[in-house]
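Chemist: Here full-length UniProt numbering is used: position 158 in the sequence shown is 158, and no number is missing along the way. By construction, the Cβ of each residue, glycine as well, lies at the ideal position given by its N, Cα and C atoms. Dropping a structure here in structure tokens format, bear with me for questions.
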Amino acid sequence: MELLFEYSIGLFPGLLLIALFYALIPKEYRLFKVVILIFGFILMRDAMTPIGLWTFGIEGNVMWLRFIEDAFILLTLAFTSLIVALVITHFNKTPMKWFKEKEKTKSILMGVMAAVLVAIPFMIPYFYVPVEDRGGSFPPSLWIVLLIFALFGNFLEEVLFRGVFQEYVKEKVGVIRSIMLSGLFFAIGHTFLAITVTDLGVLILVFTLVEGIVCAIVYERYGLIPATLTHGLTIFIISAGFI
1 MELLFEYSIG LFPGLLLIAL FYALIPKEYR LFKVVILIFG FILMRDAMTP
51 IGLWTFGIEG NVMWLRFIED AFILLTLAFT SLIVALVITH FNKTPMKWFK
101 EKEKTKSILM GVMAAVLVAI PFMIPYFYVP VEDRGGSFPP SLWIVLLIFA
151 LFGNFLEEVL FRGVFQEYVK EKVGVIRSIM LSGLFFAIGH TFLAITVTDL
201 GVLILVFTLV EGIVCAIVYE RYGLIPATLT HGLTIFIISA GFI
């Protein structure tokens, strides 16, 4: 509880400034408003690092990720992210579709397969680095909690980068460029995390660029829920310590 309080207090001044700035932007500057929302999310995400809500590292050119082993904190962050995402979808003027195909089962399977496609290449080196050297094992008893956190937390990210930003720029530049811009913007949004907040460097930028473009493609073809599955399951697979 104290950690969440510390996290909230640390975020408050920055989020207050962002909220005031957002409120003063004229309605016709929609892209500006979208970027400010994403900037607020980046602040919320990167502030998790210094207080230990998640931990990154590199061992032998292998990137690893672990979240705090606290069910209450993970679930609180998960449902907070879900509520914020639903509020954004409610007030957003750009239409975003949960599914873009009638066959929802197929769309869900494609989202899951895309997650495996993204995660596995980055996990192959895990076979050559002991789990103790890359964050240690994550308690199996918390896997369900971690899955909920990964899905709900990254649902917010997908709403912002795909449902809002990608849909908006698609109206201006078309499908292909909107996918590329969405993926690139997603990777750019991890620059501070890669260079100043942590020492992960180019590895996390490569990973997030691949992940961002794949999620953008999944969103364009299958919708927001499949893209969220791709993103959330990728993070879950990497952080759960299966291998």
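Identify, in the order they occur along the chain, each residue of the same chain with its Cβ nearer than 6 Å to the Cβ of Y219, setting aside the five sequence neighbours on each side.
Modeler: Only R162, A227 meet the Cβ criterion.
Chemist: When we look at the beta-carbon of T208 and count the other beta-carbons within 10 Å, is it buried (16 or more) or exposed?
Modeler: Answer is buried; the Cβ neighbour count reaches 16.
Chemist: Tell me which residues share the same chain as I179 and place their Cβ nearer than 8 Å to its Cβ, disregarding the 5 neighbours each side in the sequence.
Modeler: Here the set comprises Q166, I213, A216, I217, E220.
Chemist: Would you call the CB atoms of G223 and K100 closer than 7 Å?
Modeler: In this structure, K100 lies closer than 7 Å to G223 by Cβ.
Chemist: Alpha carbons only, please: which of L146, A119, E157, F138 is nearest the one belonging to T76?
Modeler: It is L146 whose Cα lies nearest to the Cα of T76.
Chemist: To the nearest angstrom, how far is it from the Cα of L20 to the Cα of F149?
Modeler: Each residue's Cα considered, the two are about 29 Å apart.
Chemist: Would you decide whether E158 is buried or exposed? Buried here means 16 or more other CB atoms lie within 10 Å of its CB.
Modeler: Its Cβ being crowded by 16 or more others within 10 Å, E158 is buried.
Chemist: Whose C-alpha, out of L4, F127, E171, F186, is nearest the C-alpha of W64?
Modeler: The candidate whose alpha carbon is nearest that of W64 is F127.
Chemist: For a quick check, are the C-beta atoms of R66 and S182 less than 7 Å apart?
Modeler: No, they are not a contact pair.
Chemist: What would DSSP say about W143, mapped onto helix, strand or coil?
Modeler: Helix, per DSSP.
Chemist: So, using beta-carbon positions, are T49 and V202 closer together than 7 Å?
Modeler: In this structure, V202 does not lie closer than 7 Å to T49 by Cβ.
Chemist: Where do the ends of the beta strand (DSSP E) carrying E59 lie?
Modeler: Here the beta strand (DSSP E) through E59 covers 54-59.
Chemist: Distance, Cα to Cα, V164 vs Y22?
Modeler: So the alpha carbons of these two residues sit roughly 15 Å apart.
Chemist: Once the 5 residues before and after I88 are set aside, which same chain residues still bring their CB inside 6 Å of it?
Modeler: The residues are V159.
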